[in-house]
Amino acid sequence: MAEEKLPTRAQDFSEWYNQLVLKAQLADYAPVRGCMIVRPYGWALWENIQQALDGRFKATGHQNVAFPLLIPKSFIEKEKHHVEGFSPELAVVTIGGGEELAEPLILRPTSETIIGHMWSKWIQSYRDLPVLMNQWNSVVRWELRTKLFLRTLEFYWQEGHTAHATQPEAMEETRQMLDIYTDFAVNDAAIPVIPGAKSDAEKFAGADITYSIEAMMGDGKALQAGTSHFLGQNFAQAFEVKYLDHMGVQQHCWTTSWGLSTRFIGAIIMVHGDDQGLVLPPKLAPYQVVIVPIFKNDEEKAAVLGAAKELKTQLAKAKIRVTLDEREGQSPGWKFNDWEMRGVPVRVELGPKDVAKQSAVVARRDRPGREGKISAPLADLPVTIERLLGEIHLSMYDKALAFRRSNTHATATYDEFKKAVETGFAFAGWCGRGDCEEKIKEETRATMRCIPVDATDVLGSGGAVASGKCVYCGTEAKERAIFARAY
RNA sequence: CGGGGCGUAGCGCAGUCUGGUAGCGCGCACGCUUGGGGUGCGUGAGGUCCCCGGUUCAAAUCCGGGCGCCCCGACCA
Numbered sequence: 028m029a030e031e032k033l034p035t036r037a038q039d040f041s042e043w044y045n046q047l048v049l050k051a052q053l054a055d056y057a058p059v060r061g062c063m064i065v066r067p068y069g070w071a072l073w074e075n076i077q078q079a080l081d082g083r084f085k086a087t088g089h090q091n092v093a094f095p096l097l098i099p100k101s102f103i104e105k106e107k108h109h110v111e112g113f114s115p116e117l118a119v120v121t122i123g124g125g126e127e128l129a130e131p132l133i134l135r136p137t138s139e140t141i142i143g144h145m146w147s148k149w150i151q152s153y154r155d156l157p158v159l160m161n162q163w164n165s166v167v168r169w170e171l172r173t174k175l176f177l178r179t180l181e182f183y184w185q186e187g188h189t190a191h192a193t194q195p196e197a198m199e200e201t202r203q204m205l206d207i208y209t210d211f212a213v214n215d216a217a218i219p220v221i222p223g224a225k226s227d228a229e230k231f232a233g234a235d236i237t238y239s240i241e242a243m244m245g246d247g248k249a250l251q252a253g254t255s256h257f258l259g260q261n262f263a264q265a266f267e268v269k270y271l272d273h274m275g276v277q278q279h280c281w282t283t284s285w286g287l288s289t290r291f292i293g294a295i296i297m298v299h300g301d302d303q304g305l306v307l308p309p310k311l312a313p314y315q316v317v318i319v320p321i322f323k324n325d326e327e328k329a330a331v332l333g334a335a336k337e338l339k340t341q342l343a344k345a346k347i348r349v350t351l352d353e354r355e356g357q358s359p360g361w362k363f364n365d366w367e368m369r370g371v372p373v374r375v376e377l378g379p380k381d382v383a384k385q386s387a388v389v390a391r392r393d394r395p396g397r398e399g400k401i402s403a404p405l406a407d408l409p410v411t412i413e414r415l416l417g418e419i420h421l422s423m424y425d426k427a428l429a430f431r432r433s434n435t436h437a438t439a440t441y442d443e444f445k446k447a448v449e450t451g452f453a454f455a456g457w458c459g460r461g462d463c464e465e466k467i468k469e470e471t472r473a474t475m476r477c478i479p480v481d482a483t484d485v486l487g488s489g490g491a492v493a494s495g496k497c498v499y500c501g502t503e504a505k506e507r508a509i510f511a512r513a514y
């Protein structure tokens with residue numbers, strides 16, 4: 028690594044992010060423009076995200092499946108809004124085995140169409156419903172402007188797809204999955220999110236309703252961190268997904284889809300990271316604890332490493348993810364900085380003095396410097412650290428929520444609104460018309476992020492509510508919405 | 001698709017204007033030193049100067065063409 032230090036977030040947030048992703052070895056640029064390679068440390072983080080979500084999916088009755096990467100091009104054309112939305116960003120395969128293909132294939136940008144196609148074969152009766160599926164895969168969208176994790180030509184995600192007999196059931200599923208994403212963001216990633224509905228302009232191509240969870244990044248911009256779509260009967264009609272009901276009448280299914288991608292890693296970086304580097308939430312961090320041994324000579328080395336290995340065993344036994352940094356060439360101070368940059372929640376410093384006292388110095392990443400350090404008896408560490416990881420999670424969440432709330436403003440006038448979206452979220456009345464939304468976007472670069480499900484959560488208890496008038500045209504507000512510049 | 005920047009050792013760059021033995025810092029290897037907040041010193045390995053063509057006794061450098069990447073704006077998880 029050529030440069031020791033990152034730019035600060037205040038100097039250049041974007042450059043801070045780019046360098047951090049590379050330096051922390053989360054990912055690297057691929058030889059093809061806009062593609063990324065997820066390195067072991069980044070993938071370990073993704074695996075923990077997968078595990079946290081997959082458990083929730085299974086607990087709510089979903090099963091994992093695998094559909095193919097290649098989809099006949101004609102499929103995408105069967106749903107009008109879907110084709111309009113995705114055509115510009117499709118990668119198309121026209122040659123296979125040296126021969127021009129009779130029908131071009133697309134690399135899936137998402138799998139609604141091919142899944143709809145198969146469902147039409149599999150679903151015959153109300154007894155076959157609901158169908159609750161999920162797949163972990165990658166998809167391809169030919170984006171113009173890319174950024175590691177946030178927007179790449181190919182990205183990894185899960186896409187859930189469900190089919191139901193009735194509209195209320197499908198709606199309930201859509202909302203359930205939104206709740207699951209919210210629960211995951213809050214309780215595993217320590218990221219406060221605003222669940223809400225998208226405007227017509229912002230919703231998924233082919234959906235009747237799109238819900239998302241929106242998070243505020245460290246620079247005040249919004250990031251859509253997960254989505255859940257109520258697809259109505261749009262895809263069921265396009266692909267003839269029908270069932271025979273109790274009365275012997277043919278009905279179209281009601282379907283949903285929902286996804287969360289490696290973009291979420293970008294959210295973790297930008298919500299929690301500080302000028303030293305990453306700050307990873309304990310539940311998702313690849314390593315929850317790093318042990319840095321300190322010694323001068325072989326005699327000390329033997330004693331310290333012996334104690335360090337024993338500690339590692341004890342922590343691992345307590346189901347704590349721990350690594351021991353035995354690298355020879357680097358000084359302890361260098362390692363402190365390195366692991367801080369990589370965001371490990373807890374660092375244990377273990378030297379001869381500690382071993383003599385049968386204690387260790389424990390430092391927490393979310394409170395850098397001396398103030399975050401305590402000394403604790405070695406024998407207690409599994410318990411101490413377990414408790415500390417819980418505290419770190421809560422304090423990271425509180426900090427992120429406090430930041431979001433202090434940068435979210437209920438705005439009544441357009442001037443207030445324009446000021447608010449310079450630095451964060453604006454919570455404002457909106458008449459619900461697309462042209463007001465469009466004008467706002469043109470004039471302020473802020474887009475409608477969502478209409479919050481629970482408006483009282485946005486500003487906290489006692490916070491002002493948004494005005495009853497549309498912030499742009501001044502007519503009666505139909506909605507109260509979050510507006511912000513977004514990734 | 002517009003605007004900007006860049007392409008020279010693994011990484012970051014200087015050298016290009018004014019053509020003449022390819023350099024610096026970091027990293028890497030080895031040795032000593034040091035180790036509780038990014039140790040210090042020494043030795044060493046490492047190069048199709050993005051590609052193609054041209055000018056010239058001689059091109060990283062000048063001329064022509066091409067390719068690629070990054071950043072900032074319009075579209076998107």
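The opening position of the first sequence corresponds to residue 28 in our numbering, with each subsequent residue numbered one higher.
Where a beta carbon is used, it is the ideal one built from N, C-alpha and C, also for glycine.
What are the boundary residues of the beta strand (DSSP E) that Ile509 is part of? 506-511
Glu241 - DSSP class collapsed to helix/strand/coil: Three-state result, Glu241: strand.
DSSP three-state call for Asn91: helix, strand or coil? Strand at Asn91.
Is Glu126 helix, strand or coil when you go by DSSP? strand
If you count every other CB in all the chains shown that lies within 10 Å of the CB of His256, and 16 or more means buried, which is it? buried
What's the call for Ile296, buried or exposed, on a 16-neighbour Cβ count within 10 Å? buried
Pull up the distance between the alpha-carbon of Leu49 and that of Gln162, whole angstroms please. 28 angstroms
Hey, out of Asp425, Arg476, Gly459, Asp481, whose CA is closest to Asn214's CA? Asp425
Quick one: Cα of Ala17 to Cα of Arg507, how far? Nothing in the structure corresponds to residue 17, since the chain is present only between 28 and 514.
Am I right that Arg369 and Ala51 are in contact with their C-beta atoms under 8 angstroms? What's the rounded C-beta distance? 5 angstroms
His279 versus Leu134 - alpha carbon distance: 27 angstroms
Identity of the residue in Lys336, Met204, Arg460, Leu428 nearest Leu405 by Cα: The alpha carbon of Leu405 has as its nearest neighbour, out of Lys336, Met204, Arg460, Leu428, the alpha carbon of Lys336.
Beta-bridge partners of Phe437, as assigned by DSSP: Residue 437 is actually Ala in this sequence, not Phe. Its beta-bridge partners are Phe454.
So, at 6 angstroms on beta carbons, what are the nonlocal neighbours of Phe40 in its own chain, with the 5 sequence-adjacent residues on each side left out? Cβ neighbours of Phe40 beyond the five flanking positions: Asp246.
If you follow the beta strand (DSSP E) that Val319 is in, where does it begin and where does it stop? 316-320
What three-state label does DSSP hand Leu351 in the structure shown? It is a strand residue.
Taking the alpha carbon of Pro219 as the point to measure from, which residue in Gln38, Gly253, Val65 has its own alpha carbon closest? Cα-wise, what sits closest to Pro219 is Gly253.
Which of the three DSSP states is assigned to Ala29 in this structure? Interpretation of Ala29 is limited by its pLDDT of 33, a score under 50 that renders its predicted location unreliable; no figure is taken from the coordinates.
Let me make sure I understand the geometry here. Which of Lys269, Lys32, His109 has the alpha-carbon closest to that of Thr193? Lys269
Going straight from the alpha carbon of Glu267 to that of Pro157, what length do you get? 16 angstroms
Using the three-state DSSP reduction, which class does Ser255 fall into: helix, strand or coil? strand
Suppose the cutoff is 7 angstroms on Cβ atoms and the five residues either side in sequence are ignored; what does the same chain contact list for Thr209 look like? Val220, Pro222, Ile240
Using DSSP bridges, identify the partner residues of Val306. Partner(s): none; Val306 has no beta bridge.
Which of helix, strand or coil DSSP assigns to Trp184: strand
Contacts around Arg397, its chain only, beta-carbon distance under 6 angstroms, and the 5 residues preceding and following it disregarded: Hits under 6 angstroms: none found.
Please tell me whether Glu186 and Gly286 are closer than 7 angstroms, where the distance is taken between their beta carbons. yes
Closest Cα partner of Ser288 within the set His273, Ala190, Gln251: Gln251
Of the residues Gln90, Leu117, Asn91, the one placed nearest Phe102, counting alpha carbons only: Cα-wise, what sits closest to Phe102 is Leu117.
Quick one: is Met28 buried, meaning 16 or more other Cβ sit within 10 Å of its Cβ, or exposed? With a pLDDT of 37 at Met28, under the threshold of 50, the predicted position of this residue should be treated as unreliable, though the coordinate-derived value follows. Exposed, because fewer than 16 other Cβ atoms sit within 10 Å of the Cβ of Met28.
Taking a contact to mean a Cβ-Cβ separation below 7 angstroms, would you say Ala228 touches Glu464 in this structure? Taking 7 angstroms as the Cβ cut-off, Ala228 and Glu464 qualify as a contacting pair.
Measuring CA to CA, which of Thr35, Tyr44, Lys105 is closest to Asn261? Lys105
Using DSSP bridges, identify the partner residues of Glu503. Lys496
Ala437 and Thr474 - do their beta-carbons sit closer together than 7 angstroms? no
Cβ-based burial, Arg154 [other Cβ within 10 Å; buried from 16]: Burial is judged here by how many other beta carbons sit within 10 angstroms of a residue's own beta carbon; Arg154 has fewer than 16 and is exposed.
According to the neighbour-count rule (16 or more other Cβ atoms, all chains shown, within 10 Å of its Cβ), is His273 buried or exposed? Exposed, because fewer than 16 other Cβ atoms sit within 10 Å of the Cβ of His273.
Looking only at its chain, what residues have a beta carbon closer than 8 angstroms to the beta carbon of Glu503, apart from the 5 residues adjacent to it on each side? Cys458, Gly495, Lys496, Cys497
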